[in-house]
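Here the structure is laid out as structure tokens; the discussion comes afterwards.
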Amino acid sequence: MGTGAATAFEGPASGFFKGNWRRRLAHVVETMREMSFQTDPQAMVNTYRTRMRQFMPADRFVSVSRRGLERPKYRITRSSLWDKDINPWRDRDKLPVLEGGLLGELLYADEPQIIDDLVVSPDDPAAEFFAGQRSLIAVPHFDKGEAVNMVVMMREHPGAFPREEFPEWFWLSSLFGRATHSLVLSEELRQALEVVERELKVVADLQRSLLPKRLPKIPTLDLAAHYQTSRWAGGDYYDIFALPDGRWGLLIADVSGHGTPAAVMMAVTHSIAHTYPGAPERPADLLNFINHHLSTRYTADFEAFVTAFYGIYDPARRELTYASAGHNPPRLKRCEDGSVLSLDSVGNLPLGVDGEMEYDQTTQLLRPGDQIVFYTDGITEATSPDGTTMFGLERLDAVLENCHLDADGLIQAVLDAVDAFTVGGAPTDDRTLLVAKVS
Numbered sequence: 001m002g003t004g005a006a007t008a009f010e011g012p013a014s015g016f017f018k019g020n021w022r023r024r025l026a027h028v029v030e031t032m033r034e035m036s037f038q039t040d041p042q043a044m045v046n047t048y049r050t051r052m053r054q055f056m057p058a059d060r061f062v063s064v065s066r067r068g069l070e071r072p073k074y075r076i077t078r079s080s081l082w083d084k085d086i087n088p089w090r091d092r093d094k095l096p097v098l099e100g101g102l103l104g105e106l107l108y109a110d111e112p113q114i115i116d117d118l119v120v121s122p123d124d125p126a127a128e129f130f131a132g133q134r135s136l137i138a139v140p141h142f143d144k145g146e147a148v149n150m151v152v153m154m155r156e157h158p159g160a161f162p163r164e165e166f167p168e169w170f171w172l173s174s175l176f177g178r179a180t181h182s183l184v185l186s187e188e189l190r191q192a193l194e195v196v197e198r199e200l201k202v203v204a205d206l207q208r209s210l211l212p213k214r215l216p217k218i219p220t221l222d223l224a225a226h227y228q229t230s231r232w233a234g235g236d237y238y239d240i241f242a243l244p245d246g247r248w249g250l251l252i253a254d255v256s257g258h259g260t261p262a263a264v265m266m267a268v269t270h271s272i273a274h275t276y277p278g279a280p281e282r283p284a285d286l287l288n289f290i291n292h293h294l295s296t297r298y299t300a301d302f303e304a305f306v307t308a309f310y311g312i313y314d315p316a317r318r319e320l321t322y323a324s325a326g327h328n329p330p331r332l333k334r335c336e337d338g339s340v341l342s343l344d345s346v347g348n349l350p351l352g353v354d355g356e357m358e359y360d361q362t363t364q365l366l367r368p369g370d371q372i373v374f375y376t377d378g379i380t381e382a383t384s385p386d387g388t389t390m391f392g393l394e395r396l397d398a399v400l401e402n403c404h405l406d407a408d409g410l411i412q413a414v415l416d417a418v419d420a421f422t423v424g425g426a427p428t429d430d431r432t433l434l435v436a437k438v439s
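Numbering-wise (our numbering), the sequence shown opens with residue 1 and increments by one.
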């Protein structure tokens, strides 16, 4: 290291810090205000450097970093000798990497330092940055206790940096270094979130592509559906299957959990359901098939499960034969006499829990005017703003009193009731509705 090195903060004070306190305060306030608008680290560095010239006058400066390098290597990140700044975050590979010498000693010492009488060997790897300078201060910027970055400021005459002002310089520079680092992390986080958001949107689009593009026209049955995820993608699933003899399969399912993992399992469930060989004659057959493949190939490792309700509707007989795998029983409103039934005559464990499970089924005779609401628990478990009360079955049944509405009208009536109950709060769980009205 050059001669005259010292780290003691002593000696006469002079310069900006000894000026009028109101003037200093006004300058600091204006500096902080201007920096608060910065979102680009490079722009903030330039703003700070311009402002700090009044605090820390210097004839030359050089900034170095050892981030990502092994001792004794370091990277020159900025220099007043350069005609053009290079962005060290975007163009790191364009910055020179040196090894050893005075800059390396200062940086790897992990301490602020003052040199009053600077003498540098001509063969020092950074000699050009010191040429013509006689005094120096080295201000480290710590990250996890190490001087990862350092600013070195120089003057053309010896003993030019008063020691009494050095602690404040070090403090200001270090705080700025942390602020810049935070801004860099914020920008990296923003970019990462943009990538994640784009990927999640693709997942959401793929998931929605698995749902029926349009609902079929089924004799004696008016259908409507609503699908809303609590996040970009979710685990709810509904499907309509055309079956032999004019029958139709109606499936609604809900994967445990939320977000992308549930969406992936939803896609797996969809794939299995659509690979059933032929057309299932019985609703239980499809649930047995899905359950076996989920249990043996997927859910054992991921500890996930799927609730499902699958019914086969026969338009000629107005019969719904159904099986259930732990799903919320659909509500049947009999507009003929005003009664409300729960389709819960059978019910077994969710899919993916027990690969040996054999599902039961039963048949429900329907009448003209009957309204059936198939739903996931995001509807009935929607909570009041204070989080103390759930929407529940009574409020759902109350909406079904609207026997004059068609299937689309019933869907909207349920959504309006949930929205009023939650006071427009964002859903915390996926909300899926499938309404069938017998004509």
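The beta-carbon is built from N, C-alpha and C at its ideal position, and this holds for glycine as well.
As the structure is a computational prediction, the values presented were derived from the model and not from experiment.
Please report the straight-line C-alpha distance between residue i and residue j, rounded to a whole angstrom.
{"i": "residue 402", "j": "residue 437", "result": "12 Å"}
{"i": "residue 417", "j": "residue 320", "result": "27 Å"}
{"i": "residue 424", "j": "residue 218", "result": "34 Å"}
{"i": "residue 108", "j": "residue 122", "result": "21 Å"}
{"i": "residue 105", "j": "residue 193", "result": "39 Å"}
{"i": "residue 112", "j": "residue 154", "result": "14 Å"}
{"i": "residue 196", "j": "residue 204", "result": "12 Å"}
{"i": "residue 58", "j": "residue 187", "result": "31 Å"}
{"i": "residue 265", "j": "residue 199", "result": "17 Å"}
{"i": "residue 278", "j": "residue 183", "result": "58 Å"}
{"i": "residue 317", "j": "residue 246", "result": "11 Å"}
{"i": "residue 331", "j": "residue 371", "result": "8 Å"}
{"i": "residue 142", "j": "residue 171", "result": "11 Å"}
{"i": "residue 355", "j": "residue 301", "result": "13 Å"}
{"i": "residue 157", "j": "residue 83", "result": "24 Å"}
{"i": "residue 92", "j": "residue 145", "result": "23 Å"}
{"i": "residue 165", "j": "residue 87", "result": "30 Å"}
{"i": "residue 308", "j": "residue 352", "result": "11 Å"}
{"i": "residue 185", "j": "residue 398", "result": "51 Å"}
{"i": "residue 420", "j": "residue 303", "result": "35 Å"}
{"i": "residue 228", "j": "residue 207", "result": "12 Å"}
{"i": "residue 313", "j": "residue 221", "result": "9 Å"}
With H, G and I counted as helix, E and B as strand and the rest as coil, what does DSSP make of residue i?
{"i": "residue 70", "result": "coil"}
{"i": "residue 86", "result": "coil"}
{"i": "residue 153", "result": "strand"}
{"i": "residue 388", "result": "coil"}
{"i": "residue 288", "result": "helix"}
{"i": "residue 128", "result": "helix"}
{"i": "residue 140", "result": "strand"}
{"i": "residue 438", "result": "strand"}
{"i": "residue 328", "result": "coil"}
{"i": "residue 239", "result": "strand"}
{"i": "residue 267", "result": "helix"}
{"i": "residue 370", "result": "coil"}
{"i": "residue 120", "result": "coil"}
{"i": "residue 46", "result": "helix"}
{"i": "residue 148", "result": "strand"}
{"i": "residue 399", "result": "helix"}
{"i": "residue 394", "result": "helix"}
{"i": "residue 323", "result": "strand"}
{"i": "residue 163", "result": "helix"}
{"i": "residue 231", "result": "coil"}
{"i": "residue 92", "result": "helix"}
With residue i as the anchor, note down where its alpha helix (DSSP H) starts and where it stops.
{"i": "residue 377", "result": "377 to 380"}
{"i": "residue 105", "result": "101 to 108"}
{"i": "residue 421", "result": "407 to 422"}
Along the chain, where does the beta strand (DSSP E) that runs through residue i open and close?
{"i": "residue 32", "result": "Here residue 32 belongs to no beta strand (DSSP E); instead the alpha helix (DSSP H) covers 21 to 36."}
{"i": "residue 205", "result": "First-last for residue 205: 166 to 209, but that is the alpha helix (DSSP H), not the beta strand (DSSP E)."}
{"i": "residue 249", "result": "248 to 255"}
{"i": "residue 428", "result": "No beta strand (DSSP E) contains residue 428, which DSSP labels as neither H nor E."}
{"i": "residue 214", "result": "First-last for residue 214: undefined, no H or E at that position."}
{"i": "residue 227", "result": "221 to 228"}
{"i": "residue 364", "result": "362 to 365"}
{"i": "residue 113", "result": "113 to 115"}
{"i": "residue 63", "result": "60 to 65"}
{"i": "residue 81", "result": "From DSSP, residue 81 is part of no beta strand (DSSP E); its letter is neither H nor E."}
{"i": "residue 339", "result": "339 to 342"}
Report yes or no: is there a C-beta of chain C within less than 8 Å of the C-beta of residue i?
{"i": "residue 293", "result": "No chain C is part of this structure, which consists of one protein chain only."}
- prompt: Does the pairing of the stretch 331 to 345 with the stretch 280 to 297 give three or more beta-carbon distances under 8 Å?
  reply: With a cut-off of 8 Å on Cβ pairs, the stretch 331 to 345 is not in contact with the stretch 280 to 297, counting fewer than three such pairs.
message: With three or more beta-carbon pairs closer than 8 Å as the criterion, would you say the stretch 114 to 133 touches the stretch 32 to 42?
response: Three or more beta-carbon pairs separated by less than 8 Å are not found between the stretch 114 to 133 and the stretch 32 to 42, which leaves the two stretches without contact.
field: 4 or more residues per run - each alpha helix (DSSP H) lying fully within the stretch 271 to 317
entry: DSSP runs (the alpha helix (DSSP H)) wholly in the stretch 271 to 317: 283 to 297, 299 to 302.
message: Does the stretch 421 to 435 come into contact with the stretch 235 to 251, if we say contact requires no fewer than three beta-carbon pairs (one atom in each stretch) closer than 8 Å?
response: The answer is yes - the stretch 235 to 251 touches the stretch 421 to 435, with three or more Cβ pairs under 8 Å.
query: Between the stretch 60 to 70 and the stretch 143 to 162, do at least 3 Cβ pairs fall closer than 8 Å?
result: Under the Cβ criterion (8 Å, minimum of three pairs), the stretch 60 to 70 counts as touching the stretch 143 to 162.
message: I want to know whether the stretch 321 to 328 touches the stretch 358 to 368 - three or more CB-CB distances under 8 Å.
response: Because the criterion of three Cβ pairs below 8 Å is met, the stretch 321 to 328 and the stretch 358 to 368 touch.
query: Can at least three beta-carbon pairs, one atom from the stretch 91 to 99 and one from the stretch 70 to 77, be found at a separation below 8 Å?
result: Touching, yes, given that three or more Cβ pairs across the two stretches are closer than 8 Å.
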